[in-house]
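**Q** First the structure, then my questions, so here it is.
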Amino acid sequence: MEFITESHYYRVMPFLLEGLVWTLLITFVGLIIGFVLGAIFGFARLSKNKLIYGIATVYVEAVRGTPILAQILFIYFGLSDLMGVNIDKITASIIAIAINAGAYIAEIVRGAVYSIDKGQEEAGRSIGLTRNQTMRYIIWPQAFRRMIPPLGNQFVISLKDTSLFSVIAVGELLYMGQQYYGMTFQAFQALTMVCVMYLIITVPTAIYLRRVERRLDV
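Counting from 1, one number per residue, gives the positions in the sequence shown under full-length UniProt numbering.
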């Protein structure tokens with residue numbers, strides 16, 4: 001068995017860099033949309049309106065109760081069959097990340113808001129702020145600071161989840177590694193480099209998140 005040599009490195013890198021671009025693009029775009037969904041459904045889970053609360057709860061529990069691989073296949077194949085149109089692979093991937101991450105971010109939002117002392121809301125109301133103004137100017141800024149570490153963890157999770165898109169032939173990092181070793185039969189070298197590239201992103205992110213968490217605890 002040959003280990004990774006300089007020639008292997010230069011041959012595999014163009015494949016992996018192309019895959020990395022798609023991996024990061026799908027992750028970032030999906031998480032931006034997912035954050036919007038998470039904020040909407042997170043606040044809906046705080047609503048006293050039973051209908052709004054119920055809809056948000058069904059969404060969160062349905063998504064968190066099913067594997068993301070099933071969600072990917074449902075969006076790409078199931079919705080395409082239902083609507084009678086072919087959904088683009090990248091579009092399907094972004095939708096899957098957004099919907100999946102949105103459910104978890106909704107719980108992050110809900111938990112962060114609940115973690116703020118009730119006295120903060122009372123203080124806002126005592127100085128004449130409405131409930132919405134109190135949420136916007138007092139509770140939300142504090143809650144958002146507490147959301148940063150779990151949101152960072154969600155980024156890492158969603159980044160790794162993109163590897164599952166290889167099942168629908170999206171040219172993300174793992175899929176491009178598979179394409180390379182499918183042509184060269186050098187699976188060890190290709191998959192080692194794939195793992196290294198994931199670690200280059202996830203390990204510094206995890207270290208940074210731990211530092212942020214320590215600062216927020218001060």
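A virtual CB, placed ideally from N, CA and C, is assigned to each residue, including glycine.
Computed from a predicted model, the values in this text were never measured in an experiment.
Need the endpoints of the alpha helix (DSSP H) that residue 284 sits in, please.
**A** Outside the modelled stretch of the chain, which goes from 1 to 218, sits residue 284, for which no answer is possible.
**Q** Would the stretch 135-152 and the stretch 108-127 be scored as touching if the rule is three or more Cβ pairs under 8 Å?
**A** Touching, yes.
**Q** Given Q71, which residues of its chain have a CB within under 8 Å of its CB, disregarding the five upstream and five downstream residues?
**A** V63, A96, I99 and N100
**Q** Using DSSP with H/G/I as helix, E/B as strand and the rest coil, what is M1?
**A** Only weak support exists for where M1 lies, its pLDDT of 45 falling under 50; the coordinates are left without a value.
**Q** Helix, strand or coil: which one does DSSP assign to R214?
**A** helix
**Q** Which same chain residues end up closer than 7 Å to V203 when comparing Cβ atoms and leaving out the 5 residues on each side of it in sequence?
**A** none
**Q** Check whether the stretch 185-194 touches the stretch 31-45, taking contact to mean three or more Cβ pairs, one atom from each stretch, closer than 8 Å.
**A** no
**Q** Would you tell me roughly how many angstroms separate the C-alpha atoms of I157 and I75, rounded to the nearest one?
**A** 19 Å
**Q** Below 7 Å CB to CB, which residues in the same chain sit around L79 once its five sequence neighbours on both sides are set aside?
**A** Counting only residues of its own chain and dropping the five nearest sequence neighbours on each side, L79 has a CB closer than 7 Å to the CB of I87.
**Q** Along the chain, which unbroken stretches of the alpha helix (DSSP H) at least 4 residues long are found entirely within the stretch 59-91?
**A** Qualifying alpha helix (DSSP H) stretches, in chain order: 68-73 and 79-83.
**Q** Starting from A123, trace the alpha helix (DSSP H) both ways and give me its first and last residue.
**A** K118 to S126
**Q** Given 8 Å as the limit, is there contact between the stretch 171-180 and the stretch 119-137, that is, 3 or more CB pairs closer than that?
**A** no
**Q** Relative to the C-alpha of E172, which residue among G102, L20, V12 and P14 is closest?
**A** L20
**Q** Quick check on the DSSP output: the alpha helix (DSSP H) that includes R131 runs from which residue to which?
**A** R131 to T134
**Q** Would F188 be called buried (16 or more neighbouring beta carbons within 10 Å of its own) or exposed?
**A** exposed
**Q** Would DSSP call F185 helix, strand or coil?
**A** coil
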